[in-house]
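Undergrad: One structure coming up, written as C-alpha cells, with questions to follow.
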Amino acid sequence: MADHSTAERRARLDGLGGRRFDVIVVGGGITGCGIAREAALRGLSVALLEKNDFAAGTSSRSSRLIHGGVRYLEHGHLRLVFEASAERRRLLHLAPHLVQALEFTWPVYRGARVPLWKLAAGLTLYDALALFRNVGRHRRLSADAILHEQPGLRRDGLVGGATYYDANTDDARLTLAVAVDARERGAVMVNHARVSKLVTEGVRAAGVEVVDELYGETTQVSARVIVNATGPWSDAFRHLEGATSTPKLRGSKGVHIAVPRGRVGNHGALTLLSPDDGRVMFVLPAGTHTIIGTTDTFTSVTPDEIRASEADVGYLLAAANNFFPGANLERGDVISAWAGIRPLAATASEDSVAASREHAIAVTPAGVVTITGGKLTTFRVMAAETVRVALRQLGRSAPPSRSESSPLAWNISNSRETVIEVATRETGDAVLANHLVGSYGSAWPSAWRTIESEPYGSEPIDPALPYRLGEMRYACRSEMACTLADLLIRRTHIAFETRNHGRSIARTVALHVAPVLGWTAAAIATEIERYEVEIDRMFTIDRA
Ligand SMILES: Cc1cc2nc3c(=O)[nH]c(=O)nc-3n(C[C@H](O)[C@H](O)[C@H](O)COP(=O)(O)OP(=O)(O)OC[C@H]3O[C@@H](n4cnc5c(N)ncnc54)[C@H](O)[C@@H]3O)c2cc1C
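Okay, here's the thing in C-alpha cells:
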C-alpha cells in the first residue's frame, strides 16, 4: 500500500483549488524557494509551484559555491561582491551542514592576464568587501610555497600566487533545505506542478492554472500576486501573459565535468585562468570526484534541452591538463558532463563573462512580479526585495524580514565535527556519518533510523559511493521526492557521480521505493523509462 507521501502531495495540490493565496510563486529553483520562505516568514499565505522538481533547473547545475565572486571584481561589480560576501558569512551560520568554508589556491604564471600585483590588490579588495570578516584573509605565496601546497601543478613559468577563502555547498540540497524551511513556515510547496496558464480578471493576473505533471489533472489557483521566478524560463513564462516585447533575459551556458578524484592531482580547490581565453575557471573537490568548470557562452537553446558539447568538454580538459601536466586527462576520464543556463538579466553587453550577475525585479502590466538574474549565494537578498515588491502590490505592510537570522531547515547547532563524531559512534562508519550529517544536518538520526530499520535499507547503492538504499525511502517520505530523477539527480548526486548516470541501479531503487510511492509493476517500468529520458537529456554530450 502507498505510504503517506503520494497521498499527502495530492492533498496539497487538491487543497490549492479552494484557496486564495496572497502570493503564488512559479518556479522552485533557489530563487523561487527563497521567495516562498521569505513570504511565509513575513506572514503571507504563499504557494509555490514547480513544474519539475525543486532545483531541477540551473539550481542543480552551478559550481556549488557560496562565494563573494572574486572574478566579478575585474568587471567592477563591487556592490554584488559586497552583498554576496555578506550572504556567504550569513549562510555559513544559517546552514553550517550545507555551507562550508573552502580554501582556494590561485597560482600565477608568467604573462598571465592577472599578474601577481593585480591578484594581491584584488584579493585585498575582496577581503575588504567582506569587511575582513571572511573565515580567513588571503595569503600571498611564493612559487615554492604554491608547489608545496599543489605539487601536481606545472612548475614552468610559475611565479607565485595566493590562497583565499570562499565556501562550497550542495546546490540541490541547499535549494531543498530552503523549500522544506518554507514548508515548515507555512508555505504550500508543490513539485511536478506546471503552471500552464495565467488566469486574469480584466487585465490583472488573478491566478494560474496548474497541471499535475505526475497524474495529469488540472487545478486553478487564485492569488493576489503572482511571482515569476522561473529563472532561464522567465521569458517563456512572460509569453503566458501574452508578452511580445523584447526578451528580458539572456541565457549564458555553463558546463562542468566530473572526473575521478585523484586523477587531476589537485589538493583542494584552485582558481585558474583558462589558457585559451584567460577566463576564470575552478577545479573543485566534490566527494569522490573533482569538478572542473565552467564555460560561459551566450546560448539560445531552451533550458529544457541544454547540455554539454564535445567542444565544451575539450576546453575544460585542455585547461586542466595545461595546469596539471601529469594528469593527462582524456575524454575517457570524464564521468559526467552537464550544462546549466545562467539566467542573466538582458543588457547591452556582448560579453557573457562581463555581463552582470545582479538581479532585476520588474512588474509587468498584468501585475506579475518577475525576478531575473542573481546567484545561488544571494538568494536571500533577492527574496527579501521581491517580497517587498509583492507587499507593495498587495498594498500591505508586514513585520520586518527575519530571514537574515532564521536558520535554515536541518541547521545543526553544534560544530559539524562534533555532530559527525556523534554520528560515527552511532553508525560505526565514519564515511557514512560524514555523508549523513553533510546531507541531512540535524535530521541525520531520522535518515539513519530509516537506513537501519527498513528491509535492505543499509545496502550500499553503489560500492564506490556513500549512499544507502534506505535513504531513498527517507527522501520520498520526508523530502518530497516523487520520481527516480528526484532521487538520483537531486536528493543524491548519483547521476553525476556514475558513468552510466545511475542507469544500472535505477531498477533496484525503483523497486525499493515502490511501496512508498504506490508504484505498480507497470508504473515502475514507466518510471525507469522516464528516468532514462531525463538523464539522456541532461548528460548526453552533443557532438557539435
Ligand atoms: C554553470 C553555472 C555555475 C554557477 N555557479 C554558481 C555558484 O557557484 N554560485 C552561485 O552563487 N551561483 C552560481 N550560478 C548561478 C545560480 O546557479 C543561478 O543564479 C540560480 O541557480 C538560478 O536559480 P533560479 O531559481 O532563478 O533558476 P532555476 O534554478 O533554473 O529555477 C527555475 C525553475 O522554474 C521552473 N519552471 C519553469 N517554468 C515553469 C512553469 N511554467 N511552471 C512551474 N515551474 C516552472 C523550472 O523547472 C526551474 O526549476 C551558476 C550558474 C551556472 C549556470
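Counted the way our numbering counts, the sequence shown spans residues 143 to 686.
Beta carbons are placed, not taken as given, at the ideal position from N, Cα and C, and that holds for glycine.
Who are the Cβ neighbours of G299 in its own chain at under 8 Å, not counting the five residues just before and after it?
TA: Correct list, in chain order: Y251, R252, G253.
Undergrad: Can you look up I647 in the DSSP assignment and give me helix, strand or coil?
TA: Three-state result, I647: helix.
Undergrad: Under 6 Å Cβ to Cβ from R366, same chain only, skipping five residues before and after it: list those, please.
TA: Hits under 6 Å: D164, L536.
Undergrad: If you draw a straight line from the alpha carbon of R151 to that of A329, how long is it in whole angstroms?
TA: If you take the alpha carbons of R151 and A329, they lie about 13 Å apart.
Undergrad: Which residues bound the alpha helix (DSSP H) around Q535?
TA: Residues 521 to 536.
Undergrad: Would you report the Cα separation of V341 and V363, rounded to the nearest angstrom?
TA: Distance between the alpha carbons of V341 and V363 is about 9 Å.
Undergrad: For T361, name the three-state secondary structure that DSSP assigns.
TA: T361: strand per DSSP, three-state reduction.
Undergrad: Could you pull the DSSP bridge partners for K395 from this structure?
TA: Bridge partners of K395: T439, I483.
Undergrad: Taking L412 as the reference, give the member of E355, A461, P249, G396 with the closest Cα.
TA: Among E355, A461, P249, G396, the Cα nearest to that of L412 is on P249.
Undergrad: Tell me, please, whether the segment 368 to 383 touches the segment 212 to 225 by the rule of three or more beta-carbon pairs shorter than 8 Å.
TA: Cβ pair count under 8 Å is below three, so no.
Undergrad: Under the rule that 16 or more other beta-carbon atoms within 10 Å means buried, what is D418, buried or exposed?
TA: With fewer than 16 Cβ atoms within 10 Å of its Cβ, D418 is classed as exposed.
Undergrad: Quick check on this structure: which residue in E621, R685, V675 has the alpha carbon closest to the alpha carbon of L659?
TA: Per the Cα distances, E621.
Undergrad: Between which two residues does the alpha helix (DSSP H) holding Y214 run?
TA: Taken as a continuous stretch (DSSP letters only), Y214 belongs to no alpha helix (DSSP H), as it is neither H nor E.
Undergrad: Please indicate yes or no: does the CB of G349 lie closer than 7 Å to some heavy atom of ligand 1?
TA: Incorrect: G349 has no Cβ contact closer than 7 Å to ligand 1.
Undergrad: Are the beta-carbon atoms of Y598 and A589 separated by less than 8 Å?
TA: No, they are not a contact pair.
Undergrad: At 4 residues or longer, and completely inside the segment 282 to 365: list those alpha helix (DSSP H) runs for me, N to C.
TA: Qualifying alpha helix (DSSP H) stretches, in chain order: 285 to 291, 313 to 326.
Undergrad: Report the rounded CA-to-CA distance for L415 versus A525, giving the unit in angstroms.
TA: Whole-angstrom Cα-Cα distance: 33 Å.
Undergrad: Buried or exposed, going by whether 16 or more other CB atoms sit within 10 Å of the CB of W661?
TA: Buried: at least 16 other Cβ atoms inside 10 Å.
Undergrad: When DSSP labels each residue in this structure, what does Y251 get in the three-state scheme?
TA: Reduced to three states, the DSSP call for Y251 is strand.
Undergrad: How many angstroms separate the CA atom of I603 from the CA atom of R522?
TA: Taking the straight line joining both Cα atoms gives about 34 Å.
Undergrad: Taking Cβ positions, are A575 and A585 nearer each other than 8 Å?
TA: Going by C-beta atoms, A575 is not nearer than 8 Å to A585.
Undergrad: Assign L158 to one of three DSSP states: helix, strand, or coil.
TA: Note: L158 maps to helix in three-state DSSP.
Undergrad: Could you name the residues of the same chain whose beta carbon sits closer than 8 Å to that of E355, not counting the 5 residues immediately before and after it, in chain order?
TA: Excluding positions up to five away in sequence, the list reads K193, N194, H334, A335, R336.
Undergrad: Report all residues from its chain with a CB closer than 8 Å to the CB of D684; omit the five preceding and five following residues, and keep chain order.
TA: Counting only Cβ-Cβ distances below 8 Å, and skipping sequence neighbours, we find R449, A450, S451, E452.
Undergrad: Report the partner residues of A504 according to the DSSP bridge assignment.
TA: Partner(s): T512.
Undergrad: List the DSSP bridge partners of A428.
TA: Paired residues: H431.
Undergrad: Tell me whether V168, by its Cβ, gets closer than 7 Å to a heavy atom of ligand 1.
TA: Because some heavy atom of ligand 1 lies under 7 Å away, the Cβ of V168 counts as near it: yes.
Undergrad: Taking V455 and T432 to be in contact with their CB atoms under 8 Å, please state how far apart those CB atoms are, rounded to whole angstroms.
TA: Between T432 and V455 the Cβ distance is about 14 Å, and since that is not below 8 Å, they are no contact.
Undergrad: Quick one: residues in its chain with C-beta nearer than 8 Å to the C-beta of T441, no 5 flanking neighbours on either side, listed in chain order?
TA: Counting only Cβ-Cβ distances below 8 Å, and skipping sequence neighbours, we find G393, S394, K395, I448, I483.
Undergrad: When you compare each of S478, A287, T200 to D678 by their alpha carbons, which one comes out closest?
TA: Closest by alpha carbon: S478.
Undergrad: With 16 other CB atoms within 10 Å as the buried threshold, where does S547 fall?
TA: Exposed.
Undergrad: Is V425 close to chain D? Criterion is C-beta to C-beta, closer than 8 Å.
TA: Absence of chain D from the displayed structure is noted, only one protein chain being present.
Undergrad: Out of E674, F638, A652, point me to the one whose CA is closest to I434's CA.
TA: That would be F638, whose Cα lies nearest to the Cα of I434.
Undergrad: Alpha carbon to alpha carbon, how far is L458 from I399?
TA: Roughly 8 Å between the two C-alpha positions.
Undergrad: Please give the ranges of any beta strand (DSSP E) in the segment 167 to 247, keeping only runs that are unbroken, at least 3 residues long and fully inside the region.
TA: DSSP runs (the beta strand (DSSP E)) wholly in the segment 167 to 247: 188 to 191.
Undergrad: So the candidates are H280, T311, G303; which of them puts its Cα closest to the Cα of I172?
TA: Here the closest residue by C-alpha is T311.
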